[in-house]
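Each remark here refers to the structure printed beneath this line.
Protein chains: 2
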Amino acid sequence: MPSTDTTETARERILDTAESLFAQRGFDGVTVRQITSAARCNLAAVNYHFGNKKSLYLEVFRSRWVPRAKRLQAHFRANLADQASMRPDAAAVARSLAHTFLAGPMTDEERQRHHQLMSREMGRPTEAFQMVAEDVIRPFFKELAELLRPALPKTVDQEGLSLNLLSILALVLYFNFAREAVTRITGRKYDKAFKDRLVDHIVTFVRNGLGCERMQGEEVT
Amino acid sequence: MPSTDTTETARERILDTAESLFAQRGFDGVTVRQITSAARCNLAAVNYHFGNKKSLYLEVFRSRWVPRAKRLQAHFRANLADQASMRPDAAAVARSLAHTFLAGPMTDEERQRHHQLMSREMGRPTEAFQMVAEDVIRPFFKELAELLRPALPKTVDQEGLSLNLLSILALVLYFNFAREAVTRITGRKYDKAFKDRLVDHIVTFVRNGLGCERMQGEEVT
DNA sequence: GTCTATAGCAGGATAGAC
DNA sequence: GTCTATCCTGCTATAGAC
Numbered sequence: 016m017p018s019t020d021t022t023e024t025a026r027e028r029i030l031d032t033a034e035s036l037f038a039q040r041g042f043d044g045v046t047v048r049q050i051t052s053a054a055r056c057n058l059a060a061v062n063y064h065f066g067n068k069k070s071l072y073l074e075v076f077r078s079r080w081v082p083r084a085k086r087l088q089a090h091f092r093a094n095l096a097d098q099a100s101m102r103p104d105a106a107a108v109a110r111s112l113a114h115t116f117l118a119g120p121m122t123d124e125e126r127q128r129h130h131q132l133m134s135r136e137m138g139r140p141t142e143a144f145q146m147v148a149e150d151v152i153r154p155f156f157k158e159l160a161e162l163l164r165p166a167l168p169k170t171v172d173q174e175g176l177s178l179n180l181l182s183i184l185a186l187v188l189y190f191n192f193a194r195e196a197v198t199r200i201t202g203r204k205y206d207k208a209f210k211d212r213l214v215d216h217i218v219t220f221v222r223n224g225l226g227c228e229r230m231q232g233e234e235v236t
Numbered sequence: 016m017p018s019t020d021t022t023e024t025a026r027e028r029i030l031d032t033a034e035s036l037f038a039q040r041g042f043d044g045v046t047v048r049q050i051t052s053a054a055r056c057n058l059a060a061v062n063y064h065f066g067n068k069k070s071l072y073l074e075v076f077r078s079r080w081v082p083r084a085k086r087l088q089a090h091f092r093a094n095l096a097d098q099a100s101m102r103p104d105a106a107a108v109a110r111s112l113a114h115t116f117l118a119g120p121m122t123d124e125e126r127q128r129h130h131q132l133m134s135r136e137m138g139r140p141t142e143a144f145q146m147v148a149e150d151v152i153r154p155f156f157k158e159l160a161e162l163l164r165p166a167l168p169k170t171v172d173q174e175g176l177s178l179n180l181l182s183i184l185a186l187v188l189y190f191n192f193a194r195e196a197v198t199r200i201t202g203r204k205y206d207k208a209f210k211d212r213l214v215d216h217i218v219t220f221v222r223n224g225l226g227c228e229r230m231q232g233e234e235v236t
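Structural data, given as structure tokens:
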């Protein structure tokens with residue numbers, strides 16, 4: 016649940032609640048009235064601080080999504096360095112990614128919010144996707160590609176590399192985005208045990224999917 | 016593009032255009048006015064034929080999504096029977112699934128519509144998901160599980176089986192749902208060549224992901 | 001910066017003629 | 001079954017007091 020501390024400024028409370036509501040219901044599914052009343056401030060506050068509803072949506076990405084993505088990237092790098100000191104193999108990269116995105120440093124709710132916002136943008140890109148793609152995703156994608164490149168067979172071309180990375184992201188996004196559906200099918204809540212299970216599952220799936228040999232046994236964080 | 020033939024009744028035209036628009040923009044992103052004007056009929060027609068907007072949304076699933084899903088399932092079974100006459104292995108199941116869902120018997124636009132509707136429901140289930148899950152998805156899921164069960168190591172439990180199936184669906188849904196993002200990253204349009212490439216990629220990814228041995232070489236349809 | 005009040009309009013839904 | 005005309009609610013956005 017977004018922080019609705021009274022010590023926060025109205026502007027910050029609006030950003031937090033707006034992010035949460037946009038993630039849950041999408042831009043069109045949320046009204047400015049719902050945002051301001053959940054943020055315990057006046058209806059006019061959105062227009063005062065952000066100009067209009069759409070600019071608020073963009074500002075959510077700029078000031079909430081992007082910094083969080085950068086923190087996630089930092090966590091990924093630290094986690095990877097813990098596992099594999101020099102040349103990480105594909106399995107290590109996959110585990111760090113899955114762990115960071117599924118069970119990483121943030122609260123469950125924050126993580127789900129993060130991935131739901133991105134999933135919505137992937138299904139129907141807006142200006143926000145443009146911005147985030149240039150500034151955050153593309154550089155990180157390149158970084159990941161360079162990490163994976165030496166771990167893959169030489170027969171894999173640039174496009175194959177991209178498809179493999181997209182597939183990893185597909186799994187991670189899906190298991191965060193479709194939580195309710197996954198819960199209905201498996202009967203499992205997203206508690207620590209299940210998230211660990213999901214990370215293990217994704218790592219195994221991805222490691223083999225990339226066509227690498229199995230590893231002997233890995234532990235992480 | 017939905018059929019807007021004048022020979023169709025207004026009711027049918029509304030269902031077709033509504034499905035297309037709901038898939039593109041979601042329930043809240045579409046107005047009844049947009050639907051009726053794109054279907055070239057009067058504003059009042061939605062309420063006359065369906066009662067209200069929400070019932071129209073449900074009827075789209077009942078009379079469009081469900082029958083298409085059943086046709087897809089039939090195509091999957093036929094395709095699988097072509098490949099593997101008796102006991103299909105995991106790779107054959109994966110290939111038939113990927114082919115059916117990514118390059119199957121329907122138009123590109125129809126397939127994308129189908130998966131976007133479902134992706135939206137997975138992210139935020141409504142009554143429609145409830146209905147579709149009971150009547151269509153769960154039985155097919157069971158059918159797939161029984162097909163895959165004998166092809167997997169005995170160490171894989173029921174939950175592992177479910178996770179593997181969910182992962183396959185994650186890949187298929189993702190590459191249909193996030194077409195624009197995939198196109199931006201890979202630079203490829205969804206033409207026949209790229210779809211074939213995607214099917215091959217998913218089959219390889221999944222086959223290995225399921226922890227089965229490699230196969231010697233498969234051809235299909 | 002924050003509020004009240006309201007303009008101005010688009011939304012879903014309906015009544016009733018044809 | 002299909003249309004026009006309209007109701008009424010709820011939306012975004014703004015003006016202006018405090």
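Residue numbers (the numbering used here), protein chains in the order written: chain A, 16 to 236; chain B, 16 to 236.
For each residue, glycine too, the CB sits at the ideal point set by N, CA and C.
In this text the structure is predicted, and so the values were computed from the model without any measurement.
From the beta carbon of residue i, is the nearest beta carbon of chain B less than 8 Å away?
{"i": "GLU158/A", "result": "no"}
{"i": "SER177/A", "result": "yes"}
{"i": "PRO140/A", "result": "yes"}
{"i": "ILE200/A", "result": "yes"}
{"i": "TYR189/A", "result": "yes"}
{"i": "ALA193/A", "result": "yes"}
{"i": "SER35/A", "result": "no"}
{"i": "PHE155/A", "result": "no"}
{"i": "GLN131/A", "result": "yes"}
Since residue i and residue j are thought to touch, with beta carbons under 8 Å apart, how far apart are those beta carbons, to the nearest angstrom?
{"i": "PHE116/B", "j": "VAL187/B", "result": "4 Å"}
{"i": "SER35/A", "j": "ARG128/A", "result": "6 Å"}
{"i": "ALA193/B", "j": "MET137/A", "result": "4 Å"}
{"i": "ALA33/B", "j": "LEU71/B", "result": "6 Å"}
{"i": "LEU176/A", "j": "LEU163/A", "result": "6 Å"}
{"i": "ASP104/A", "j": "ALA166/A", "result": "5 Å"}
{"i": "ALA89/A", "j": "VAL151/A", "result": "Rounded, the Cβ-Cβ distance is 12 Å, inconsistent with contact."}
At the level of alpha carbons, what is the spacing between residue i and residue j?
{"i": "GLN98/B", "j": "ILE29/B", "result": "39 Å"}
{"i": "PRO182/B", "j": "PRO82/A", "result": "Pro is not the amino acid found at residue 182/B; the sequence shown has Ser there. Whole-angstrom Cα-Cα distance: 29 Å."}
{"i": "ALA54/A", "j": "GLU195/B", "result": "34 Å"}
{"i": "VAL47/B", "j": "ALA143/A", "result": "27 Å"}
{"i": "ALA60/B", "j": "ALA118/B", "result": "35 Å"}
{"i": "ASP43/B", "j": "ILE50/A", "result": "16 Å"}
{"i": "GLU234/B", "j": "ASP206/B", "result": "With a pLDDT of only 38 at GLU234/B, under 50, the local geometry of the prediction cannot be trusted, and the value read off the model is given with reservation. When rounded, the distance between both Cα atoms is 20 Å."}
{"i": "GLU74/A", "j": "GLN131/B", "result": "26 Å"}
{"i": "ARG92/A", "j": "SER111/A", "result": "8 Å"}
{"i": "PHE156/A", "j": "SER78/A", "result": "21 Å"}
{"i": "ASP172/B", "j": "ALA160/B", "result": "11 Å"}
{"i": "PHE76/B", "j": "PHE76/A", "result": "33 Å"}
{"i": "LYS204/B", "j": "HIS216/B", "result": "16 Å"}
{"i": "ASN67/A", "j": "ARG199/B", "result": "29 Å"}
{"i": "LEU87/B", "j": "MET121/B", "result": "9 Å"}
{"i": "TYR189/B", "j": "LEU58/B", "result": "35 Å"}
{"i": "THR141/A", "j": "PRO168/B", "result": "44 Å"}
Do we get a CB-CB distance below 8 Å when we pair residue i with the residues of chain A?
{"i": "ALA196/B", "result": "yes"}
{"i": "ALA148/B", "result": "yes"}
{"i": "GLU174/B", "result": "yes"}
{"i": "LEU163/B", "result": "no"}
{"i": "GLY44/B", "result": "yes"}
{"i": "MET137/B", "result": "yes"}
{"i": "ILE29/B", "result": "no"}
{"i": "ALA109/B", "result": "no"}
I'd like to check one pair, residue j with residue i: are the Cβ atoms closer than 8 Å?
{"i": "ASN94/A", "j": "HIS64/A", "result": "no"}
{"i": "ALA106/B", "j": "VAL218/B", "result": "yes"}
{"i": "GLY41/B", "j": "ARG135/B", "result": "yes"}
{"i": "ARG126/B", "j": "ASN191/B", "result": "yes"}
{"i": "GLY224/B", "j": "ASN223/A", "result": "yes"}
{"i": "GLU23/B", "j": "THR201/A", "result": "no"}
{"i": "ALA109/B", "j": "VAL221/B", "result": "yes"}
Could you check if residue i belongs to the surroundings of the ligand FMN, using beta carbon to heavy atom distance under 7 Å?
{"i": "ARG126/A", "result": "In the structure shown, the ligand FMN is absent, as is every other ligand, since no ligand is present at all."}
Identify every run of the alpha helix (DSSP H) within the region 109 to 197 of chain B, keeping only runs that are complete inside it and at least 4 residues long; order them along the chain. Qualifying alpha helix (DSSP H) stretches, in chain order: 123 to 138, 142 to 147, 153 to 163 and 173 to 192.
Write down every uninterrupted run of the alpha helix (DSSP H) in the region 40 to 70 of chain A whose length is 4 residues or greater and which is fully enclosed by it, in chain order. Whole alpha helix (DSSP H) segments, 4+ residues: 47 to 53 and 60 to 65.
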